[in-house]
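Under numbering that gives the first Met the number 0, the first residue of the sequence shown carries the number 0, and numbering increases by one thereafter. All C-beta atoms in this analysis are idealised placements derived from N, C-alpha and C, irrespective of residue type, glycine included. Here the structure is a predicted model, which is why all the values come from computation and not from measurement. A quick write-up on the structure given underneath.
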Amino acid sequence: MTRPGFHLAIPVDDLPKARSFYGGVLGLAEGRSADKWVDWNFYGHQVVTHVVPGAHGDSGNNPVDGHDVPVPHFGLILPIPEFHAVADRLKAAGTEFVIEPYLRFAGEPGEQWTMFFRDPAGNALEFKAFKDETQVFAK
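As structure tokens, this is what we get:
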């Protein structure tokens, strides 16, 4: 039996830029590909970048902890040291953050580091890291 995981297909308008970002900046391993799509190993899950011409990005925003969170978005929950390592890679690559890395809900249930950024096609990603991983769904 295989481990459960997710599969997500996202639109991009430039496959070389997607390869540079997902493979280069984020350091994801590339899987199968064709002229119009690439599979990525997104920390054990499958994200596929499909070429779809035109604009991509937000449908809107929702206020969370004093910030406008872009919707839709997808991302990962990482251990805290890995979260900061990815944040450093993004900063070194000159990535513009939608929401800079910061500690959200400090001292409350679900305390977490979070950051939001976009890929070259405008897709929003959120990476986060919980102080206590048992609190991912805490109320």
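Item: Through-space distance from residue 116 to residue 101, alpha-carbon basis; Value: 13 Å
Item: Distance between beta carbons of residue 12 and residue 123, contact taken as under 8 Å; Value: So it is not a contact: roughly 15 Å between Cβ atoms.
Item: For residue 22, three-class secondary structure by DSSP; Value: helix
Item: Residue 53 vs residue 125 beta-carbon contact at 8 Å; Value: no
Item: Simplified DSSP state of residue 85, which is helix, strand or coil; Value: helix
Item: Residue 109 beta carbon less than 8 Å from that of residue 134; Value: yes
Item: Coarse secondary structure for residue 27, derived from DSSP in three states; Value: coil
Item: Residues near residue 7 in its chain [Cβ-Cβ closer than 8 Å; skip 5 each side]; Value: 41, 44, 45, 46, 47, 73
Item: Identified DSSP bridge partners for residue 125; Value: 74, 115
Item: Per-residue DSSP class, three states only, for residue 108; Value: coil
Item: Endpoints, alpha helix (DSSP H) assigned at residue 17; Value: 14-17
Item: Residue interval of the beta strand (DSSP E) (run including residue 42); Value: Run containing residue 42: none; DSSP gives neither H nor E here.
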